[in-house]
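First the structure, in the form of structure tokens, and then the observations on it.
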Amino acid sequence: MPQMSMAQALNSAMDVMLERDPSVVLMGQDAGYFGGVFRVTEGLQKKYGADRVLDSPIAEGGILATAIGMGVNGLRPVAEIQFADYMFPAYDQIVSELARLRYRSGGEFFAPVTVRMPCGGGIRGGQTHSQSPEVLFTHVCGIKVVLPSNPYDAKGLLIGAIESNDPVIFLEPKRLYSGPFEGDPGKPASSWAAHPQGEVPEGYYTVPLGRADIVRPGSEVTIATYGTMVHVAKAAVEQAGVDAEIVDLRTLSPLDTDTLCSSVNKTGRCVIVHEATRFSGFGAELSATVQEECFWRLEAPIQRVTGWDTPYPLAFEWDYFPGPARIVAALRAVMAAS
Amino acid sequence: MAPSKLHIPRPPARPGEAPDFSYLQLIPAGKQGKPTLDIEAKDTFEMANGLVRVLDDRHRAVGPWFKALDAAKLREGLRLMQLTRLFDDRMQRMHRQGRISFYMKSTGEEAVSVAQGMALASDDMLFPSYRNQALHLVRGRNLVDLMNQCLSNVRDTSKGRQLPVLYHWLEGNIFTLSGNLATQFPQAVGWAMGEAIKGGQRLAVTWLGDGATAEADFHYALTFAAVYRAQVILNVVNNQWAISTFQTTAGGEQLSFAARAPGYGVAGIRVDGNDFLAVYAVTEWAAERARRGMGPTLIEHVTYRAGPHSTSDDPTRYRPKNDWEAWPLGDPIERLKQHLIASGEWSEEQDEAQRKELEAYVTKCWKEAVSYGSLDEGSGIDPATMFEDVYEEMTPLLQQQRSKWRAERS
Chain C
1 MPQMSMAQAL NSAMDVMLER DPSVVLMGQD AGYFGGVFRV TEGLQKKYGA DRVLDSPIAE
61 GGILATAIGM GVNGLRPVAE IQFADYMFPA YDQIVSELAR LRYRSGGEFF APVTVRMPCG
121 GGIRGGQTHS QSPEVLFTHV CGIKVVLPSN PYDAKGLLIG AIESNDPVIF LEPKRLYSGP
181 FEGDPGKPAS SWAAHPQGEV PEGYYTVPLG RADIVRPGSE VTIATYGTMV HVAKAAVEQA
241 GVDAEIVDLR TLSPLDTDTL CSSVNKTGRC VIVHEATRFS GFGAELSATV QEECFWRLEA
301 PIQRVTGWDT PYPLAFEWDY FPGPARIVAA LRAVMAAS
Chain Y
1001 MAPSKLHIPR PPARPGEAPD FSYLQLIPAG KQGKPTLDIE AKDTFEMANG LVRVLDDRHR
1061 AVGPWFKALD AAKLREGLRL MQLTRLFDDR MQRMHRQGRI SFYMKSTGEE AVSVAQGMAL
1121 ASDDMLFPSY RNQALHLVRG RNLVDLMNQC LSNVRDTSKG RQLPVLYHWL EGNIFTLSGN
1181 LATQFPQAVG WAMGEAIKGG QRLAVTWLGD GATAEADFHY ALTFAAVYRA QVILNVVNNQ
1241 WAISTFQTTA GGEQLSFAAR APGYGVAGIR VDGNDFLAVY AVTEWAAERA RRGMGPTLIE
1301 HVTYRAGPHS TSDDPTRYRP KNDWEAWPLG DPIERLKQHL IASGEWSEEQ DEAQRKELEA
1361 YVTKCWKEAV SYGSLDEGSG IDPATMFEDV YEEMTPLLQQ QRSKWRAERS
């Protein structure tokens, strides 16, 4: 089976869908001729033509609005927002329009738009190239929110997103484009080449939206996480020497509550890890859900490990980033409480 | 040097002052030239600051934009405008009686939707604003359907989820209204881009008001329309007022709204929005250009919002009471009627008979619509449907919440 980076796997997903379905079109700033600033759409314009892989003006609101119009006209647009940090001008079109067309028209109109956006930090991007705005989308009804952690899932989920008749916000942890990242910036960067989840089939397959994946079975504590932090959590578990079960949520909305809560009901402990800021973050939703569903099985208070409630600071990104040490401390805290 | 002073645009007349429309750059009917279809956007600047008018003050049709239309077609235009006005008046009254929760009249602007709707192909995709209700009537929508929507009853196709007047009609190729302003403008451009990608011939046509041109969506629409030469007609209905905000606060003081278009590389044209024949001719011209791949056109319709912004608005608080009577471009219905009479194709007697007939029709439709229920007397819609259509398939979370809601009710 071919070995792909996450960027290549995403490219392959779009390649497969452009080939299979003539209604699929791609659009975004620098996404056409140049192939995207992260090379995710590389080669696709050459292969499918400039009217199916469009270079867009620098206007996120215009990209989203025109993608909606195309979607209403029967196309299946995949719009790239160059960095998730740039999506704010498009937010009205996403929240008030894309998410609600079906609802407000009594089910008559809809736009099957997928919006791809690189998110997350750890690439020296400062406060405007590092954010994780997933919760700004999970709070909106009518859209699905996906955030993969590895090449295999990324391709299967992106194909699933493109085929979905619901709009999907597809967040791509940019730190994972070329390799898994375990949270230690001092170590040499690793690649997906030798990683089992870098094995990606060439052709069509899907990973269903709305299903979490247990990436490490364990018995003592559940770690609920997604994206880059899946790999950081794995490293932390090794360091802490705790038999943790890691649940990679993969889709944040709709949330796979069953997988998460079954795991916590089994382990009796829960640590939630995400890179985004803490206050009103997705961890708050996860924590509330676990509390509601698993309260009588919990043996320790739920812990949240997150970025601090500050903008992502360029010079101090590793002080901001919730690295393995912070996760180890949380694991020890839940294990100590009983 | 004089100290700096912030310029604050002000409307020409406030309550208690005499109406003043001297700011309008009017030119006599028939004087605006008609360019060839392949005119380049950059050469439309003069036309974008001019004014296409066909009907003159003596109700004759004159000038290069005049093309004789079948009298039956003109009578149909008159009938649809009259129906729209009577429908609006009835709904406004029904709001006063507490029968519907909200309404927005299009009084004074009927020619925009009726003439444009008639000049377009029936499968062109329309992305309207909230004062384009007549588009539905032009396309043959049952008036009862529109009333059902305003009543939020069991036959409301938006299933009780939308404010009155935020219609949609898939079958009639009329897009769903948002309630947020200007969002439909760039969506229409995207629809047209999609049509070109598919190799189709249909156009997208969209409308917004003078006030909403200040939104970024207007800029996106013009930019994308120019970049991709989208087969779209962009309409700015300049009815002078955005609730209480005069059009100069949207930037209309220095230059017409149509004149923005050539700056983007889009053809711009300004038309007397109360002149049925002029609106029809300009729309036909813009549609022909778009269909032949000659690019998008922005049409500014100079008109006047004769009524309040909505049933929640009282315009006497910010503009002269008799503004509408003094509006120099008149009433679109009266002008077309007088033109038909002057041409020997209509009479006061016929007009009076038609008015009565339409009144009776509106009454009959209203009786039927209320028989299906209303917001206050019971919509008849199962509230459980509020959990539907959020997604294509109901998510487990929503199924759970629907069960909780059912338990609450039992």
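Protein chains in written order, with the numbering used here: chain C, 1 to 338; chain Y, 1001 to 1410.
The beta carbon of each residue, even a glycine, is placed where N, CA and C say it ideally should be.
The residue from C/Gly156, C/Met87, C/Gln291 with its alpha-carbon nearest to that of C/Tyr204 is C/Gly156. Between C/Gln93 and C/Gly142, the C-beta gap is not smaller than 8 Å, which leaves the two residues out of contact.
In summary, the residues of the segment 1376 to 1399 of chain Y whose CB is separated from some CB of chain C by less than 8 Å are Glu1388, Asp1389, Val1390, Tyr1391, Glu1392, Thr1395, Pro1396, Leu1397, in the order they occur in the chain.
When Cβ-Cβ separations below 8 Å define contact, C/Ser219 makes no contact with chain Y.
Close to C/Ser96, with beta-carbon spacing below 9 Å, are these residues of chain Y in chain order: Ser1178, Gly1179, Asn1180, Thr1183. For C/Asp166, the neighbours in chain Y by C-beta distance under 8 Å run, in chain order, Tyr1391, Glu1392. For the segment 1340 to 1387 of chain Y, there is no continuous beta strand (DSSP E) assignment of 3+ residues that stays within its boundaries.
Residue pairing by DSSP places C/Ala244 opposite C/Val221 in a beta bridge.
Around C/Gln93, the beta-carbon contacts reaching into chain Y at under 7 Å are Thr1183.
Chain Y has no Cβ within less than 8 Å of the Cβ of C/Ile159. Minimum Cα-Cα distance from C/Leu101 among the listed residues C/Gly36, C/Glu163, C/Gln127, C/Val72 corresponds to C/Val72. DSSP lists Y/Phe1127, Y/Leu1234 as the bridge partner or partners of Y/Thr1206. Taking the beta carbon of Y/Ala1188 as reference, the chain C residues within 7 Å of it are Gly69, listed in sequence order. For a cut-off of 8 Å, the C-beta gap from C/Arg116 to C/Val78 is around 6 Å, short enough to register as a contact.
Excluding residues up to 5 positions away in sequence, Tyr1103, Thr1311 lie with their Cβ nearer than 6 Å to the Cβ of Y/His1095 in the same chain. Residue state for C/Lys46 is assigned as helix, using DSSP reduced to three classes.
With respect to chain Y, the C-beta atom of C/Asn73 has a partner C-beta closer than 8 Å. What C/Tyr103 touches in chain Y, judged by beta-carbon distance under 8 Å, is Arg1161, Asp1389, Val1390, going in chain order. At a C-beta separation below 7 Å, C/Cys270 has no neighbours in chain Y, since its nearest C-beta there lies roughly 19 Å away. The beta carbon of Y/Tyr1318 sits closer than 6 Å to the beta carbons of Ser1244 from its chain, once the five residues preceding and following it are set aside; these are given in chain order. DSSP places C/Ser96 in the helix class (H, G or I) of the three-state scheme. Look at C/Gly198: its C-beta is not under 8 Å from any C-beta on chain Y.
As for any beta strand (DSSP E) of minimum length 3 sitting wholly inside the segment 223 to 285 of chain C, the runs are 244 to 248, 251 to 253, 270 to 277, ordered along the chain. Per the coordinates, the alpha-carbon of Y/Val1112 lies some 33 Å from the alpha-carbon of Y/His1007.
Identification of chain C residues near Y/Ser1158 by a Cβ-Cβ cut-off of 8 Å yields Arg104, Ser105, Gly106, ordered along the chain. Under the three-state reduction of DSSP, Y/Gly1117 is assigned to helix.
Counting only Cβ-Cβ distances below 8 Å, Y/Thr1223 has contacts in chain C at Pro57, Ala59, Gly62, in chain order. Apart from the 5 residues on each side of it in sequence, Y/Tyr1220 sits with its Cβ closer than 6 Å to the Cβ of Pro1186 in its chain, given in chain order. If you ignore the 5 residues before and after Y/Met1047, its C-beta comes within less than 6 Å of the C-beta of Ile1269, all in its own chain and listed in chain order.
When only Cα atoms are considered, C/Val221 and Y/Trp1405 end up about 34 Å apart. When only Cα atoms are considered, C/Phe137 and C/Glu80 end up about 16 Å apart. Proximity of C/Gly142 to chain Y, defined by a Cβ-Cβ separation below 8 Å, is satisfied.
If you compare the alpha carbons of C/Ile302, C/Asp258, C/Asn165, C/Pro22 with that of Y/Gln1400, the shortest gap goes to C/Asp258.
Contact annotation: C/Gly307 and Y/Gly1194 have beta-carbon atoms that are not nearer than 8 Å. Looking at the DSSP output, C/Gly28 sits in a beta bridge with C/Asp55, C/Glu80. Here Y/Arg1093 is exposed. Its C-beta has fewer than 16 other C-beta atoms within 10 Å.
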